[in-house]
Amino acid sequence: MTNTHERSRLLPDGIAAEDSEDDNVVFWEDSSDPENPQNWPRGTAWRQIAIVSLLSFLIPLGATMFAPAVHQVMLEFSSTNEALSALIVSIYVLGWALGPLVLAPLSEVHGRMVIYTWSNWLYVLATVACALAPNLPALVVFRFLAGAVGSTPMAIGGGTISDLMGIQQRGLALSVYMFGSILGPTVGLVLGGSVADVLGWRWICWVSAGVYSLVAAAQLVFSSETYPSVILARKTKRLQEKTGNLALRSKLDDGLSSRQVLARAIIRPAKMTVLSPINAVLSLVSAYLNGLGFLLLTSAPVLFRVEYGFSPRQVGLAFIGYGVGTVAGLLSFTATSDRYIRRRAALGLLKAEDRLLPVVATGPLLAFGFLLFGWGAYFHAHWLVPVVATGVIGASTVLFFSAVIGYLIDCFTIYAASAIAANTVLRSVGGTLLPLAGRDLFDTLGWGGGSSVLALGAILLTPALVYLYVKGESIRHKHPVHL
1 MTNTHERSRL LPDGIAAEDS EDDNVVFWED SSDPENPQNW PRGTAWRQIA IVSLLSFLIP
61 LGATMFAPAV HQVMLEFSST NEALSALIVS IYVLGWALGP LVLAPLSEVH GRMVIYTWSN
121 WLYVLATVAC ALAPNLPALV VFRFLAGAVG STPMAIGGGT ISDLMGIQQR GLALSVYMFG
181 SILGPTVGLV LGGSVADVLG WRWICWVSAG VYSLVAAAQL VFSSETYPSV ILARKTKRLQ
241 EKTGNLALRS KLDDGLSSRQ VLARAIIRPA KMTVLSPINA VLSLVSAYLN GLGFLLLTSA
301 PVLFRVEYGF SPRQVGLAFI GYGVGTVAGL LSFTATSDRY IRRRAALGLL KAEDRLLPVV
361 ATGPLLAFGF LLFGWGAYFH AHWLVPVVAT GVIGASTVLF FSAVIGYLID CFTIYAASAI
421 AANTVLRSVG GTLLPLAGRD LFDTLGWGGG SSVLALGAIL LTPALVYLYV KGESIRHKHP
481 VHL
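The opening position of the sequence shown corresponds to residue 1 in the UniProt record's numbering, with each subsequent residue numbered one higher.
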């Protein structure tokens with residue numbers, strides 16, 4: 001039996017400590033309880049984080065592998081509809097907006113593993129269906145379904161990290177996790193261009209399904225449940241069967257029926273967005289920035305093909321600059337985040353908003369990147385100029401999303417998956433809609449003028465991000481969200 005102080009220290013945010021001395025309450029035995037995922041051997045924890053990170057790498061990769069091959073798809077299906085060509089890429093991202101609304105709440109009711117398992121194999125089936133699509137509407141539908149069921153590692157991957165890592169150790173884990181999701185689009189463009197050139201666009205789907213099925217099988221074999229509520233529920237049932245004491249209950253069991261728990265979990269992401277001004281603002285900014293990212297990934301192939309005469313393979317290789325930028329941004333976040341958090345904690349000044357420091361630089365970096373990208377093409381500068389610009393854009397986006405995901409995990413702890421899902425929904429809507437408008441924007445204003453408009457939007461967001469970093473703690477206390 002642990003003492004009250006020790007139990008209180010172990011409780012998730014929002015769980016009172018008064019019941020801790022009740023002999024019928026089941027919780028972690030002490031701070032070193034081996035059943036607590038945060039006490040698992042580091043090798044076990046990092047194996048699970050590595051697998052989730054691989055899944056988070058492959059899903060965005062599947063989004064962009066199509067971009068260099070869209071021209072082939074349109075030719076095969078005899079279509080010249082420009083909006084539809086952009087939709088082939090962006091409809092996949094729209095699935096990311098809807099999938100987390102169901103998948104994240106389900107993971108907080110039934111646990112992480114069952115959601116990962118089912119969604120992984122449904123994604124493989126949907127991707128195979130894309131490879132066999134007989135017409136353009138069918139391809140669009142199957143791409144949407146693949147995006148929806150494939151959103152799982154992005155919707156609940158942050159929750160898995162929250163389960164496994166304490167607040168002062170999450171920075172590195174977040175960097176590894178974000179590395180996959182940020183670098184995936186770049187690798188997808190490089191691979192997609194090469195596969196389409198050699199084998200045709202349908203083989204993009206076959207390759208994606210094959211590789212993903214291998215990682216899904218690895219997760220099935222080498223991963224286990226990490227969600228504390230589910231682990232404690234299983235522990236409670238085991239003790240009830242062993243002792244015959246049916247009065248035993250998990251500390252995290254609020255006494256609701258499964259239907260009530262699921263209903264509460266499903267509305268939780270919406271509550272987080274509507275009732276938390278910080279989450280609402282970060283979600284809206286995430287939507288714009290993710291829209292910019294996918295606008296870049298769908299417009300840059302056109303720019304390199306039209307302005308520089310690149311082939312699909314060369315278009316893919318041009319995005320190596322974007323990949324280098326994302327790695328640079330990720331290394332910067334990794335090198336500074338946990339170190340800064342530990343230093344603030346040592347001084348007794350730690351607050352959740354400390355994780356948001358990198359977002360302050362996002363606006364100026366994005367603006368510079370898009371201005372370089374658009375005006376470099378407008379003045380027909382060397383092709384290396386827009387390539388470098390994509391690197392700057394990649395660095396700024398990885399800094400922003402790594403910081404925001406880390407902040408949401410630190411703020412919402414056991415409900416981190418719902419918080420990230422709320423952010424993912426709006427982020428994915430932006431990633432779907434902005435690329436659809438991007439083609440008209442550049443057609444009307446040109447590469448330079450269109451990029452200037454996008455850069456202006458990034459600059460206008462900067463004061464709001466600075467304000468959240470400085471005043472976020474007082475805003476959270478003024479507007480608490482009861483989950």
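We put the CB at the ideal spot given by N, CA and C, even for glycine.
N- and C-terminal bounds of the alpha helix (DSSP H) containing Ser452:
Here the question's residue 452 lines up with position 452 in the sequence shown. From DSSP, the alpha helix (DSSP H) with Ser452 extends over 416-478.
Once you ignore the five residues that flank Cys411 on each side, which residues in its own chain have a CB closer than 6 Å to its CB?
On the sequence shown, residue 411 is found 411 positions in, with the first residue counted as 1. Within the same chain, Cys411 has close Cβ partners Ala352.
Ser418 versus Arg264, Ile475, Tyr92, residue with shortest Cα-Cα distance:
Taking the first residue of the sequence shown as position 1, residue 418 is located at position 418. It is Arg264 whose Cα lies nearest to the Cα of Ser418.
Rounded to a whole number of angstroms, what is the C-alpha to C-alpha distance between Gly449 and Ser283?
Here the question's residue 449 lines up with position 449 in the sequence shown. Here the question's residue 283 lines up with position 283 in the sequence shown. Approximately 27 Å between the Cα atoms of the pair.
Could you compute how far the alpha carbon of Glu473 sits from the alpha carbon of Val404?
As a first step, residue 473 must be located in the sequence shown, where it is residue number 473. As a first step, residue 404 must be located in the sequence shown, where it is residue number 404. C-alpha separation (whole angstroms): 15 Å.
Check whether the Cβ atoms of Gly321 and Thr390 lie closer than 9 Å to each other.
Working through the sequence shown from its first residue, we reach residue 321 at position 321. Working through the sequence shown from its first residue, we reach residue 390 at position 390. Yes, the Cβ-Cβ distance between Gly321 and Thr390 is below 9 Å.
Helix, strand or coil at Ser250 according to DSSP, with G and I counted as helix:
Here residue 250 refers to the residue found at position 250 when the sequence shown is read from its first residue. For Ser250, the secondary structure class from DSSP, reduced to helix, strand or coil, is strand.
contact_flag[the segment 98-111, the segment 44-54] where n(CB pairs < 8 Å) is 3 or more
No, because fewer than three Cβ pairs between the segment 98-111 and the segment 44-54 fall closer than 8 Å, the two stretches do not touch.
Within 9 Å (strictly less), CB to CB, does Gly95 reach chain C?
No chain C appears in the structure shown, which is made up of a single protein chain.
Give the DSSP-derived three-state secondary structure of Val26 in the structure shown.
Stepping through the sequence shown from its first residue, residue 26 is reached at position 26. Three-state result, Val26: strand.
Starting from Asn279 and walking both ways along the alpha helix (DSSP H), at which residues does that stretch end?
If you number the sequence shown from 1, residue 279 lands on position 279. Going by DSSP, Asn279 is part of the alpha helix (DSSP H) stretching over 277-308.
Buried or exposed: where does Thr4 fall if 16 or more other Cβ atoms within 10 Å of its Cβ makes it buried?
As a working mapping, residue 4 is identified with position 4 in the sequence shown. For Thr4, the predicted model reports a pLDDT of 39, less than 50, meaning its position is unreliable; a value from the coordinates is still stated below. Looking at its Cβ environment, which holds fewer than 16 other Cβ atoms inside 10 Å, Thr4 is exposed.
Put Asp197 into one of helix, strand or coil per three-state DSSP.
On the sequence shown, position 197 is the one that residue 197 refers to. In the structure shown, Asp197 falls within a helical segment according to DSSP collapsed to helix, strand and coil.
Which word fits Thr243, buried or exposed, when buried means at least 16 other C-beta atoms lie within 10 angstroms of its C-beta?
Residue mapping note: residue 243 aligns to position 243 of the sequence shown, counting from 1. Exposure of Thr243 is indicated by the presence of fewer than 16 other C-beta atoms within 10 angstroms of its C-beta.
Backbone CA spacing between Leu189 and Leu122 [nearest angstrom]:
For the purposes of this step, residue 189 is taken as residue 189 along the sequence shown, with counting starting at 1. For the purposes of this step, residue 122 is taken as residue 122 along the sequence shown, with counting starting at 1. Annotation: Leu189 to Leu122 spans about 24 Å, alpha carbon to alpha carbon.
Skipping 5 residues on each side, what residues in its chain have a beta carbon closer than 7 Å to that of Val387?
Translated into the one-based positions of the sequence shown, residue 387 becomes position 387. Closer than 7 Å at Cβ, skipping near neighbours: Ala318, Gly321.
Where Gly291 and Leu252 are concerned, what is the direct C-alpha to C-alpha distance, given to the nearest angstrom?
For the purposes of this step, residue 291 is identified with residue 291 of the sequence shown, where counting begins at 1. For the purposes of this step, residue 252 is identified with residue 252 of the sequence shown, where counting begins at 1. Taking the straight line from one Cα to the other gives about 38 Å.
Give me, in chain order, the residues of the same chain whose beta-carbon lies closer than 8 Å to that of Asp19; leave out the 5 immediate sequence neighbours on both sides.
Translated into positions along the sequence shown, residue 19 becomes position 19. Confidence at Asp19 is low in this model, with a pLDDT of 47, below 50, so the placement of that residue should be treated as unreliable; the coordinate-derived value is given next. Closer than 8 Å at the Cβ level, and outside the excluded window around Asp19, lie Val25, Lys251.
Classify Tyr467 as buried or exposed, calling it buried when 16 or more other Cβ atoms lie within 10 Å of its own Cβ.
Mapped onto the sequence shown, residue 467 falls at position 467. Result: exposed.
Would Pro34 pass as a contact of Ala421 if the rule is Cβ separation under 9 Å?
In the sequence shown, residue 34 corresponds to position 34, counting from 1. In the sequence shown, residue 421 corresponds to position 421, counting from 1. Cβ atoms of Pro34 and Ala421: not closer than 9 Å.
Label Phe222 either buried or exposed according to how many other C-beta atoms from any shown protein chain fall within 10 Å of its C-beta, with 16 as the threshold for buried.
Position 222 of the sequence shown holds residue 222. With fewer than 16 Cβ atoms within 10 Å of its Cβ, Phe222 is classed as exposed.
Contact under 9 Å by Cβ, Gly192 with Leu55
Along the sequence shown, one-based indexing puts residue 192 at 192. Along the sequence shown, one-based indexing puts residue 55 at 55. Between Gly192 and Leu55, the gap from beta carbon to beta carbon reaches 9 Å or more.
CB-CB under 6 Å to Leu426, same chain, minus the five flanking residues each way: which ones, in chain order?
Indexing the sequence shown from 1 puts residue 426 at position 426. A distance below 6 Å between beta-carbons, with the five flanking residues on each side excluded, links Leu426 to the following residues of its chain, in chain order: Ser283, Ala287.
For Phe66, three-class secondary structure by DSSP:
Here residue 66 corresponds to residue number 66 of the sequence shown, with the count starting at 1. Three-state result, Phe66: coil.
So, using beta-carbon positions, are Ile204 and Val195 closer together than 9 Å?
Residue 204 sits at position 204 when you count from the first residue of the sequence shown. Residue 195 sits at position 195 when you count from the first residue of the sequence shown. For the 9 Å CB-CB criterion, Ile204 and Val195 form a contact.
Going straight from the alpha carbon of Leu347 to that of Pro228, what length do you get?
One-based indexing of the sequence shown puts residue 347 at position 347. One-based indexing of the sequence shown puts residue 228 at position 228. Cα to Cα, Leu347 sits roughly 30 Å from Pro228.
Under the three-state DSSP convention, the category His382 falls into:
On the sequence shown, position 382 is the one that residue 382 refers to. Reduced to three states, the DSSP call for His382 is coil.
Check whether the Cβ atoms of Val141 and Gly99 sit closer than 9 Å, and answer yes or no.
Your numbering for residue 141 matches position 141 in the sequence shown. Your numbering for residue 99 matches position 99 in the sequence shown. No, they are not a contact pair.
Anyone know if the C-beta pair for residue 487 and Gly394 falls short of 9 Å?
Here the chain has residues from 1 to 483 only, and residue 487 is not among them.
Out of curiosity, what's the CA-to-CA distance linking Ala69 and Val385?
Looking up residue 69 in the sequence shown gives position 69. Looking up residue 385 in the sequence shown gives position 385. Those two C-alpha atoms are separated by around 24 Å.
For Met154, report the span of its alpha helix (DSSP H) as first-last.
In the sequence shown, counting from the first residue as 1, residue 154 sits at position 154. For Met154, the uninterrupted alpha helix (DSSP H) run begins and ends at 152-164, by DSSP.
Within 10 angstroms of the Cβ of Gln168, are there 16 or more other Cβ atoms? Answer buried if so, exposed if not.
Locating residue 168 in the sequence shown gives position 168, counting from the first residue. By the Cβ neighbour-count rule, Gln168 is exposed, with fewer than 16 other Cβ atoms within 10 Å of its own.
Could you round the C-beta distance between Ala155 and Leu103 to whole angstroms and report it? I think they count as a contact, below 8 Å.
The sequence position of residue 155 within the sequence shown is 155, counting from 1. The sequence position of residue 103 within the sequence shown is 103, counting from 1. The C-beta distance from Ala155 to Leu103 rounds to 5 Å, short enough to meet the 8 Å contact threshold.
Just how far apart, CA to CA, sit Gln72 and Trp201?
Walking along the sequence shown from the start, residue 72 turns up at place 72. Walking along the sequence shown from the start, residue 201 turns up at place 201. Linking Gln72 to Trp201 through their CA atoms gives a straight-line distance of about 7 Å.
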